[in-house]
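Chains as they are written, first to last, in this note's numbering: chain A, 1 to 468; chain B, 469 to 936.
Shown next as structure tokens:
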């Protein structure tokens with residue numbers, strides 16, 4: 001059920017070109033040309049031993065880019081990919097030129113003058129999807145792979161690119177299609193009162209399908225963590241050691257994190273990578289700026305900030321709180337956040353000073369005793385942060401949903417299947433069961449792109465970078 | 469006279485790898501591998517239809533990068549270049565992977581683990597030079613091409629890359645070699661008192677060679693302007709309209725300039741591109757910050773800043789200076805800068821207010837009447853800025869020297885040839901003439917790299933980016 005309009009548009013469509021490599025200065029830049037005129041366009045500017053049109057697919061050719069007046073623009077290597085054996089399944093030429101800003105713009109400019117149109121963001125990958133080389137979830141994985149900022153995000157997008165999610169979705173869809181066909185066949189023979197589909201077996205198979213959908217849906221909690229990281233809010237009195245704990249957590253990762261482009265570092269927000277997952281730790285301004293921290297206003301502000309996050313890290317000072325007791329406002333903040341579904345981790349600091357007699361309070365499973373000074377307990381805290389977001393161990397082979405769009409489609413599919421199951425159980429006509437089944441099938445089809453609209457596609461590909 | 473040690477080192481040398489495309493996120497990144505083990509290294513991590521070692525040169529292969537445990541790292545296209553038909557003249561494999569930070573580092577990491585060494589800055593181009601694919605001036609042009617920030621810089625580096633300068637140098641060297649051989653042949657037969665080289669003709673040929681060297685040397689004034697741009701210091705009273713003139717000059721180019729990466733823009737320094745040449749205009753802090761501007765200290769500071777520049781742009785206010793006369797300290801600044809070889813351009817502003825009766829002072833060729841408000845005269849000023857630095861029109865085909873290293877070598881060559889000419893004219897033995905000729909030959913040889921040392925090479929290539 002490929003979108004036929006788009007498909008036809010594309011087949012008659014123009015030839016596009018863009019710089020495919022990152023912007024900036026480097027040894028080489030690559031300009032990608034795709035479309036039915038790629039070879040003709042490239043041959044208008046490329047002068048080599050032989051024309052690119054006459055060259056076999058998958059061959060590299062040294063030559064020069066020359067403008068209309070015969071002026072030499074750059075020395076390049078041009079690479080040929082004849083359809084359908086290319087990234088887009090169209091005729092593709094890739095031109096490697098010198099990787100400077102001016103020279104790359106010059107070469108691109110020449111190619112555009114020679115008849116190509118500047119590609120829109122994600123347009124190459126969009127064509128790869130429309131031509132059936134990738135399904136939609138794989139196409140989205142290309143964008144995620146490029147933008148992944150952590151090992152976990154990289155791993156999960158790579159698995160999605162390899163078609164793991166697609167196969168899982170396809171399995172459920174195939175099963176649902178079978179069930180729908182059975183029900184619809186039954187309708188065709190309704191006069192004869194035949195029952196092709198045994199109700200009990202139908203219910204079993206539908207329940208199994210729903211279990212898979214629900215499983216995928218629940219994997220999003222982890223998938224989001226993989227893809228987007230975890231937002232941790234730190235709250236506590238100024239002398240409790242919030243920043244020392246932040247620094248202790250950062251110690252090993254500072255080099256790794258700072259080398260990832262695009263992770264901004266400022267005084268109140270720092271990123272820690274634990275087992276490939278990015279934790280962005282933000283100090284609560286509300287609790288930080290006032291001397292008598294846990295006053296009414298402070299809690300309000302801390303709560304507001306904590307609600308933006310996934311985890312609240314409450315830092316308590318063993319040396320102070322042991323004798324004075326815990327400020328009741330701490331508990332209040334904890335209670336409010338807990339009720340809002342935010343995971344609360346309590347960290348008792350200064351274990352170096354108060355080793356003996358640490359208050360063994362009722363253990364809610366997320367209490368840690370550390371010394372930010374000596375580093376004692378910090379490793380346990382790292383593991384605690386990790387297990388707070390990866391409570392369900394998914395194992396190596398489980399498929400993880402990382403996209404909000406997929407979660408939304410799965411959620412709609414689940415709803416439809418549940419309706420369908422209810423209708424089935426209520427003994428109503430197969431017609432109604434099939435109707436909801438179809439709705440579920442369509443929702444699942446949106447994930448892999450069997451069912452799609454221009455809006456969905458534009459929304460997905462406009463987020464890509466130009467040249468992909 | 470290739471550096472044999474380096475050459476031999478290289479032949480036995482290791483296989484290097486680096487990311488050849490700019491850092492950051494894009495559709496694709498390219499990792500380049502060069503050296504005798506390139507194919508073996510690539511085959512250790514690449515899984516495609518056939519091994520790269522067994523594939524013909526200049527062919528592209530779709531496949532996967534896989535780690536030691538069979539885990540899939542990325543989908544890639546690997547490109548084969550068998551020696552000597554590659555950028556470095558060695559066996560080269562170029563791997564195009566997805567252009568994300570993490571994924572590119574992963575693939576590079578796999579390749580390094582598989583036996584390649586991380587390449588040093590410029591090491592690929594250094595190998596291209598050492599293996600004779602490029603001469604040294606061409607290798608330098610690669611770096612200049614990548615870093616060129618203006619059309620003029622791009623054009624001149626491209627011409628140097630195409631071997632224009634090399635051919636010019638080679639022409640002079642060949643001629644000097646002939647002359648030296650003639651003189652040395654004469655020495656071999658000195659017993660017989662033969663004169664192979666007619667002194668008059670020798671003098672003529674030597675003079676011609678010197679003229680070429682001096683011509684190249686003087687082209688550096690323009691070459692430096694092409695490559696590095698022009699530093700313009702603006703001085704004048706606050707109300708004279710310095711910033712309006714700056715803005716009027718900037719008007720058309722703001723978009724162009726701001727789109728070039730690496731051109732910093734702050735309140736006191738702005739870049740204007742005129743005919744592809746970058747003019748960096750700096751406001752003089754000294755004259756700007758004091759109310760009564762042209763006092764002793766102001767002139768000193770303005771002078772100090774102007775001396776860092778190529779042009780001093782003195783802005784005068786027609787409406788004020790016409791009646792009150794020019795502050796003598798203006799003239800003083802002008803005189804001091806003129807004496808220091810800095811070109812002074814006088815701009816009378818506010819022509820809109822004082823059209824009639826503009827003081828037609830003695831025209832030193834660099835006086836302009838403008839209205840920053842209406843834009844009148846600004847185009848003439850742009851042309852004036854341009855002609856101040858391109859006084860000598862070099863035409864389209866002249867070779868331009870853009871590198872300080874080349875200028876230095878040419879200057880030493882010129883000195884030697886002048887000595888040689890003097891010695892010849894003084895009637896002394898051909899032996900002494902030939903000695904200076906040889907020194908000149910060596911100096912010229914440094915430009916193209918016939919004569920070179922490790923120090924020269926390291927100095928040149930360490931300025932390159934990694935991956936080139």
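Cβ coordinates follow ideal geometry from the N, Cα and C atoms, glycine included.
Contact belief for residue i with residue j at Cβ below 8 angstroms, rounded distance in angstroms
| i | j | result |
| --- | --- | --- |
| residue 137 of chain A | residue 160 of chain A | 6 angstroms |
| residue 745 of chain B | residue 783 of chain B | Contact flag wrong, Cβ pair sits at about 21 angstroms. |
| residue 338 of chain A | residue 135 of chain A | Rounded, the Cβ-Cβ distance is 40 angstroms, inconsistent with contact. |
| residue 121 of chain A | residue 368 of chain A | Their Cβ separation, rounded to whole angstroms, is 44 angstroms, which puts residue 121 of chain A and residue 368 of chain A out of contact at 8 angstroms. |
| residue 911 of chain B | residue 884 of chain B | 6 angstroms |
| residue 145 of chain A | residue 571 of chain B | 6 angstroms |
Assigned secondary structure, residue i (DSSP; H/G/I helix, E/B strand, else coil)
| i | result |
| --- | --- |
| residue 283 of chain A | strand |
| residue 548 of chain B | strand |
| residue 603 of chain B | coil |
| residue 531 of chain B | strand |
| residue 25 of chain A | coil |
| residue 631 of chain B | coil |
| residue 701 of chain B | strand |
| residue 501 of chain B | strand |
| residue 614 of chain B | helix |
| residue 817 of chain B | strand |
| residue 317 of chain A | strand |
| residue 343 of chain A | strand |
Status (buried if at least 16 other CB within 10 Å, exposed otherwise) for residue i
| i | result |
| --- | --- |
| residue 727 of chain B | With a pLDDT of only 41 at residue 727 of chain B, under 50, the local geometry of the prediction cannot be trusted, and the value read off the model is given with reservation. Exposed, since its Cβ has fewer than 16 Cβ neighbours within 10 Å. |
| residue 422 of chain A | exposed |
| residue 733 of chain B | Here the model assigns residue 733 of chain B a pLDDT of 35, short of 50, so the residue's position is not dependable, and the following value carries that caveat. Residue 733 of chain B should be labelled exposed. |
| residue 818 of chain B | buried |
| residue 675 of chain B | exposed |
| residue 235 of chain A | buried |
| residue 751 of chain B | buried |
| residue 579 of chain B | buried |
| residue 440 of chain A | buried |
| residue 474 of chain A | Given a span of 1 to 468 for chain A in the structure shown, any question on residue 474 of chain A remains unanswerable. |
| residue 340 of chain A | exposed |
| residue 655 of chain B | exposed |
| residue 155 of chain A | buried |
| residue 468 of chain A | buried |
| residue 803 of chain B | exposed |
| residue 855 of chain B | exposed |
Backbone CA spacing between residue i and residue j [nearest angstrom]
| i | j | result |
| --- | --- | --- |
| residue 801 of chain B | residue 873 of chain B | 33 angstroms |
| residue 844 of chain B | residue 775 of chain B | 29 angstroms |
| residue 176 of chain A | residue 128 of chain A | 27 angstroms |
| residue 491 of chain B | residue 209 of chain A | 44 angstroms |
| residue 47 of chain A | residue 64 of chain A | 5 angstroms |
| residue 427 of chain A | residue 433 of chain A | 10 angstroms |
| residue 131 of chain A | residue 150 of chain A | 31 angstroms |
| residue 90 of chain A | residue 581 of chain B | 35 angstroms |
| residue 348 of chain A | residue 371 of chain A | 8 angstroms |
| residue 199 of chain A | residue 429 of chain A | 11 angstroms |
| residue 679 of chain B | residue 109 of chain A | 40 angstroms |
| residue 850 of chain B | residue 71 of chain A | 27 angstroms |
| residue 899 of chain B | residue 642 of chain B | 19 angstroms |
| residue 220 of chain A | residue 343 of chain A | 17 angstroms |
| residue 493 of chain B | residue 709 of chain B | 43 angstroms |
| residue 878 of chain B | residue 886 of chain B | 12 angstroms |
| residue 639 of chain B | residue 59 of chain A | 38 angstroms |
| residue 500 of chain B | residue 690 of chain B | 36 angstroms |
| residue 328 of chain A | residue 232 of chain A | 22 angstroms |
| residue 389 of chain A | residue 400 of chain A | 14 angstroms |
| residue 123 of chain A | residue 163 of chain A | 20 angstroms |
| residue 534 of chain B | residue 487 of chain B | 18 angstroms |
Residue i Cβ short of 7 angstroms to the ligand MN heavy atom set
| i | result |
| --- | --- |
| residue 786 of chain B | As presented, the structure is devoid of all ligands, the ligand MN included, so that no description of it is given. |
Those runs of the alpha helix (DSSP H) which lie wholly inside the stretch 835-922 of chain B and span at least 4 residues:
846-857, 872-893, 898-916
What are the complete alpha helix (DSSP H) segments, minimum 4 residues, inside the stretch 86-120 of chain A?
101-113
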